[in-house]
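In our numbering, the protein residues as written are 61 to 172. Notes for the one structure printed next.
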């Protein structure tokens, strides 16, 4: 994973087990632990696709469940069933490059 992140400034992360699926940017200085699923991409197009309702529905339909409960447990995001099987649209590096004049959102970090 370190090799995959070597040319990146940030990567996409999501909790493996979560009631609500969300994705965030993390700087490469923050290495994920076993509870995070890291996606070694730093383009906004991939982030947008993963954050879309279409991907959310896909992930919920293909996720396994963790734990018990009234709702049958919490969805578990994993590579084989949720990410690798998702039909990403074909796009070129040109389409994933930042658009001139548009700011790229940066995460806001707070000291604890």
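No residue lacks a Cβ here, since even glycine has one placed at the ideal position from N, Cα and C. These figures come from a predicted structure and were not determined experimentally.
If you keep only unbroken beta strand (DSSP E) runs of at least 3 residues inside the region 83-158, you get 84-87, 96-99, 124-126, 134-136. Classified as exposed, residue 114 has fewer than 16 neighbouring CB atoms from the shown chains inside 10 Å of its CB.
In terms of Cβ geometry, residue 119 and residue 142 form a close pair [threshold 7 Å]. Shown here, residue 64 sits in a helix according to DSSP, grouped into three states. Straight-line spacing of the CA atoms in residue 87 and residue 71 works out to 6 Å. In this structure, the beta-carbon distance from residue 145 to residue 77 does not fall below 7 Å.
Between the alpha carbons of residue 64 and residue 93 lies a distance of about 16 Å. If you look at residue 70, you'll find it in the beta strand (DSSP E) that goes 70-75.
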